[in-house]
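Engineer: Read left to right, the sequence shown gives residues 34 to 366 (the working numbering).
No residue lacks a Cβ here, since even glycine has one placed at the ideal position from N, Cα and C.
Treat the numbers as computed from the prediction; the structure is a model and nothing was measured.
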Amino acid sequence: MTESITYTAEENEAVTGEESVNIVLDHSQAGERADAVLSQLLPISRSSVQRLIAQKRVTLRGEPIKKNYRAAAGDELTVCLPPPEACEAEPEDIPLDVIYEDEDIIVVNKPQGMVVHPAPGHLHGTLVSALLFRCRDSLSGIGGVMRPGIVHRIDRDTSGLICVAKNDAAHLSLAEQLKDHSMHRTYDAVCIGRLRESEGRVEAPIGRSRSDRKKMAVVRGGRAAATNYNVLAEYTVVCGGTPFTASHIRLKLETGRTHQIRVHMAHIGHPLLGDAVYGGGGTVFERRYPTLFEGQCLHAAELTLAHPMSGEEMTFNAPLPENFKQILGILKG
34 MTESITYTAE ENEAVTGEES VNIVLDHSQA GERADAVLSQ LLPISRSSVQ RLIAQKRVTL
94 RGEPIKKNYR AAAGDELTVC LPPPEACEAE PEDIPLDVIY EDEDIIVVNK PQGMVVHPAP
154 GHLHGTLVSA LLFRCRDSLS GIGGVMRPGI VHRIDRDTSG LICVAKNDAA HLSLAEQLKD
214 HSMHRTYDAV CIGRLRESEG RVEAPIGRSR SDRKKMAVVR GGRAAATNYN VLAEYTVVCG
274 GTPFTASHIR LKLETGRTHQ IRVHMAHIGH PLLGDAVYGG GGTVFERRYP TLFEGQCLHA
334 AELTLAHPMS GEEMTFNAPL PENFKQILGI LKG
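#1: Quick check on Thr159: buried or exposed, where buried means 16 or more other Cβ atoms within 10 Å of its Cβ?
#2: For Asp245, which option in Thr324, Ser192, Val310 has the closest C-alpha, if you only look at C-alpha atoms?
#3: Just to confirm the assignment, what range does the beta strand (DSSP E) spanning Lys285 have?
#4: Please list the segments of the beta strand (DSSP E) lying wholly inside the region 123–182, counting only runs of 3 or more residues, in order along the chain.
#5: Who does Thr260 pair with in a DSSP beta bridge?
#6: Along the chain, where does the beta strand (DSSP E) that runs through Leu336 open and close?
#7: Starting from Thr111, follow its DSSP beta bridges and name the residues at the other end.
#8: Determine the burial state of Gly174: buried for a count of at least 16 other Cβ atoms within 10 Å of its Cβ, exposed for fewer.
#9: How should Lys100 be labelled, buried or exposed, when 16 other C-beta atoms within 10 angstroms of its C-beta is the threshold for buried?
#10: Would the beta-carbon of Asn350 fall within 8 Å of that of Ala334?
#11: Between which two residues does the beta strand (DSSP E) holding Met298 run?
#12: Okay, do the region 230–246 and the region 170–189 touch, 3+ Cβ pairs below 8 Å being the bar?
#13: Leaving out the 5 sequence neighbours to the left and right, which residues in its chain are closer than 8 Å to Val48 when beta-carbon positions are compared?
#14: Put Glu46 into one of helix, strand or coil per three-state DSSP.
#15: So Ile360 is in the alpha helix (DSSP H); what residue range does that whole segment cover?
#16: In whole angstroms, what separates the C-alpha of Arg103 from that of Lys143?
#17: List the DSSP bridge partners of Glu346.
#18: Cα separation between Ser242 and Ser78?
#19: Between which residues of its own chain and Leu228 is the CB-CB distance below 7 Å, once the five residues before and five after are set aside?
#20: Measure the beta-carbon distance from Leu331 to Thr191 and round it to whole angstroms, keeping in mind my assumption that it falls under 8 Å.
#21: Per the DSSP calculation, Asp213 is bridged to which residue(s)?
#22: Does DSSP classify Arg85 as helix, strand or coil?
#23: The alpha helix (DSSP H) with Ser78 in it runs from where to where?
#24: Would DSSP call Ser206 helix, strand or coil?
#25: Tell me, please, whether the region 318–326 touches the region 200–216 by the rule of three or more beta-carbon pairs shorter than 8 Å.
#26: Taking a contact to mean a Cβ-Cβ separation below 8 Å, would you say Ala222 touches Leu284 in this structure?
#27: Would you mind stating whether Ile239 and Arg256 have Cβ atoms separated by less than 8 Å?
#28: Can you tell me which of the three DSSP states Glu319 falls into?
#29: For Ala67 versus Leu110, is the C-beta spacing smaller than 8 Å?
#30: Hey, Arg84 and Cys113: beta-carbon distance below 8 Å or not?
#31: Could you give the residue range of the beta strand (DSSP E) that holds Ile187?
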């Protein structure tokens with residue numbers, strides 16, 4: 034753990050827009066490369082940290098560090114964050130299901146099918162565009178030009194809760210909560226088949242698939258990942274003369290890797306219903322009720338966090354989307 038992470042605005046902020054983060058390291062980071070340590074502690078990638086080091090924006094006792102500098106216990110590193118560039122996303126008047134909002138955070142129940150931030154092929158209709166319209170300039174700039182305010186995300190075809198930072202101090206606090214696992218996220222899902230045990234834990238490292246770089250997979254040397262699940266109900270229905278079995282499950286994340294729940298459930302042989310990428314698509318049930326599916330049957334139902342300013346523990350809930358409830362209703366018979 035770091036001893037402290039503090040956020041300050043530079044004195045010339047009104048002119049340059051630059052802001053800085055001071056990080057005091059302890060023994061757990063001693064000997065590690067500074068770029069690796071900072072990428073773990075800050076909500077920016079390692080390559081972004083390396084660019085900041087090359088630009089002499091990371092200093093130790095007022096002097097820029099070298100690109101291969103290794104941290105020592107007690108080091109106080111100052112990271113000077115450049116002002117955010119003009120965001121390529123454009124504000125769009127898109128209705129949002131806002132669960133909670135104050136001057137520091139906004140919690141949104143994202144619908145299935147909405148992309149969180151702009152990407153090639155998905156430049157419009159994103160959550161970021163909707164937030165830019167609603168919040169105007171009140172979003173954190175740490176996430177970069179395409180991800181203003183975005184601390185964590187959920188997949189396009191996953192519905193449910195996402196918390197967005199409205200200033201950089203809130204962003205840093207929420208990012209630290211994600212890192213130390215004090216932010217808790219609970220999901221509801223429907224998976225294919227009947228699980229052997231009513232509750233369990235999947236612990237398997239996740240990384241980029243070696244056979245398909247667009248997918249994630251359980252791979253040796255991947256990032257540690259753990260998912261807990263418990264079975265709420267099991268169902269068997271007949272579709273066109275063919276029996277189909279599925280389970281309604283609740284999952285709690287210990288980590289937050291890309292596609293973690295989808296990859297872990299597929300890894301244990303129970304892919305999520307409707308998930309064509311990881312083996313849960315094209316089932317007899319989906320073919321029987323195609324209008325109910327727009328991807329995997331996965332919903333971020335509950336989010337618990339400490340308010341970044343007051344420290345108050347807050348829990349937010351989002352009801353199951355209508356298609357999810359209809360799927361459960363059909364399975365229940």
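Structural biologist: Reading off the structure:
#1: buried
#2: Val310
#3: 275–286
#4: 131–134, 138–143
#5: Val235, Leu286
#6: 331–339
#7: Asn55, Thr92
#8: buried
#9: exposed
#10: yes
#11: Met298 -> not in any beta strand (DSSP E); alpha helix (DSSP H) instead, spanning 293–300.
#12: no
#13: Since pLDDT at Val48 reaches only 29, below the 50 mark, its modelled position is unreliable, and no value is offered.
#14: Low per-residue confidence applies at Glu46: pLDDT is 29, beneath 50, and the placement is therefore not dependable, though the value from the model is reported in the following sentence. In this structure, Glu46 counts as helix in the three-state DSSP scheme.
#15: 355–365
#16: 41 Å
#17: Ala339
#18: 20 Å
#19: Val264, Ser280, His303
#20: 5 Å
#21: Answer is none; Asp213 lacks a bridge partner.
#22: It should be pointed out that residue 85 corresponds to Leu in this sequence rather than to Arg. Helix, per DSSP.
#23: Unbroken run through Ser78: none, as it is neither H nor E.
#24: helix
#25: no
#26: yes
#27: yes
#28: helix
#29: yes
#30: no
#31: Premise fails: Ile187 is in no beta strand (DSSP E) and is neither H nor E.
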